[in-house]
Amino acid sequence: MRSSSPSTSLAIVSSRAPGKIIVSGEQFVVLGAPAVAMAVNLYSKIDVRPSQSGQIEVTADIPLHLVSDADKRSSSADNQELLEPLRLAASATLNHLATKDRGVLVDANCEIPIGAGLGSSASTTVATISAVAKSTGTRLDRREIFKLAFIPENFLHGHPSGVDQATCTYGGIIQFRKPSKINAIKVKRPPMILVCDSGVHRSTKALVGSVVKRSRTQADKFQTHLEEITRLSNAVVKALRDEDDIALGSLMNRNHELLRQIGVSTPRLDGLVAAARKTGALGAKLTGAGGGGCIIALCADNKARSSIARGLRREGGTIYNVSLDLQGVQ
Ligand code: PMV
Numbered sequence: 021m022r023s024s025s026p027s028t029s030l031a032i033v034s035s036r037a038p039g040k041i042i043v044s045g046e047q048f049v050v051l052g053a054p055a056v057a058m059a060v061n062l063y064s065k066i067d068v069r070p071s072q073s074g075q076i077e078v079t080a081d082i083p084l085h086l087v088s089d090a091d092k093r094s095s096s097a098d099n100q101e102l103l104e105p106l107r108l109a110a111s112a113t114l115n116h117l118a119t120k121d122r123g124v125l126v127d128a129n130c131e132i133p134i135g136a137g138l139g140s141s142a143s144t145t146v147a148t149i150s151a152v153a154k155s156t157g158t159r160l161d162r163r164e165i166f167k168l169a170f171i172p173e174n175f176l177h178g179h180p181s182g183v184d185q186a187t188c189t190y191g192g193i194i195q196f197r198k199p200s201k202i203n204a205i206k207v208k209r210p211p212m213i214l215v216c217d218s219g220v221h222r223s224t225k226a227l228v229g230s231v232v233k234r235s236r237t238q239a240d241k242f243q244t245h246l247e248e249i250t251r252l253s254n255a256v257v258k259a260l261r262d263e264d265d266i267a268l269g270s271l272m273n274r275n276h277e278l279l280r281q282i283g284v285s286t287p288r289l290d291g292l293v294a295a296a297r298k299t300g301a302l303g304a305k306l307t308g309a310g311g312g313g314c315i316i317a318l319c320a321d322n323k324a325r326s327s328i329a330r331g332l333r334r335e336g337g338t339i340y341n342v343s344l345d346l347q348g349v350q
């Protein structure tokens, strides 16, 4: 369902979308298992205005501390890896709406660290799709935004499951299964989760590609893992609904172990996970593709959160105190 309001067609319009963390099932979700993910209150904001050039132009303002060293070396925000998905998102939206006028200037502001597994690419692409549609006087519904986001996500990731863009589009906590099963998980009390960035940023495409390859050569082992992750993600949903942090914490620990077994953790991530548990986390795991990026730690209360944050900072991690975003793209 879409709504049109021609009066908005010439104005500068904006959309914003949250980042996300994956509570369970990353990597395995690409192979068909369910994942549980939560939208968090780190945002990207996209402004769209008409452009005289008749072309899609993209600019980005991404704080340098959010960009990896590798991206900085290849000239930071000018990097095509960062901007091309947004151009693709804008072009897919204009094609979808069959708009003749291609002249839009897309300006991205992102407070989500890049390449850290917190959904920077999905967040910026779904916000771009929403804002470009608004600039033509059309409001796309969430299902359309989710579907269109596969175009830039395919470019960036090669084999995206869709969980990132589903979470950034819908907000809240979702259980997701390929290709497009999205169940909202309503909770009375969201889990208190602390995010810690290892500072090592990496390519989701390469990591997912290597797991997909390994799943073909080790089919039996992966079959067993997929069965376990399916049970685990279902148990995560139950623990969230029951507000059972003890169960949730031990499921997160087990999920980390499975990610370690398929080779996507690193000594640095294992070290941060161990430090989080030692300083009081009820459970901890890497979140996202692995290879670097972030870990998440479940905290019993504010006091535990401070002590875990101190422990992780001592290990050189950067802390993001995130909370649940309920709105998704808007
Ligand atoms: O891009 P990341 O690090 O947030 O990873 C997304 C989750 C994966 O399962 C690794 C990939 C996917 O598309 O599901």
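All letters in the sequence shown, in the order written, are residues 21 to 350 by the numbering used here. All C-beta atoms, glycine included, are put in the ideal place defined by N, C-alpha and C. Keep in mind it's a predicted model, so treat the numbers as computed, not measured.
Taking non-hydrogen atoms of the ligand PMV into account, the C-beta of H245 is found less than 7 Å away from none of them.
Under the DSSP assignment, I282 falls outside any beta strand (DSSP E); it carries neither an H nor an E label. Between the region 220-231 and the region 298-312 there are three or more C-beta pairs closer than 8 Å, enough to call the two in contact. The region 265-283 and the region 62-74 do not touch, with fewer than three beta-carbon pairs separated by less than 8 Å. Rounded to the nearest whole angstrom, the CA to CA distance from V50 to G123 is 35 Å. Relative to the non-hydrogen atoms of the ligand PMV, the Cβ of I42 comes within a distance shorter than 7 Å of at least one.
Listed as beta-bridge partners of L214 by DSSP are A317, N341. Rounded to the nearest angstrom, the Cβ distance from V228 to H177 is 6 Å, consistent with a contact under 8 Å. Distance from the CA of T156 to the CA of A324, rounded to the nearest whole angstrom, comes to 48 Å. Under a 10 Å Cβ-count criterion, T158 is classified as buried, with 16 or more other Cβ atoms of the shown protein chains found around its own Cβ. Annotation for G313: A136, G137 place their beta carbon closer than 6 Å to its own, counting only its chain and skipping 5 residues before and after.
Excluding its 5 nearest sequence neighbours in each direction, I165 has C-beta neighbours in its own chain below 7 Å: V146, I149, S150, T189, V349, listed in chain order. Judged by the Cβ position, T224 qualifies as a neighbour of the ligand PMV at the 7 Å threshold, a heavy atom of the ligand being closer than this. Spanning the alpha carbons of L214 and P54 requires a straight line of approximately 23 Å. Under the Cβ criterion (8 Å, minimum of three pairs), the region 287-295 counts as touching the region 199-219.
Within a 10 Å sphere around the beta-carbon of P133 sit 16 or more other beta-carbons, which makes this residue buried. For the alpha helix (DSSP H) assignment, the uninterrupted runs of no fewer than 4 residues enclosed by the region 158-183 are, from N- to C-terminal side, 162-168, 170-177. Here the C-alpha atom of F175 lies approximately 18 Å from the C-alpha atom of S200. Residue range 239-262 is occupied by the alpha helix (DSSP H) that includes T244, with no beta strand (DSSP E) assigned at that position.
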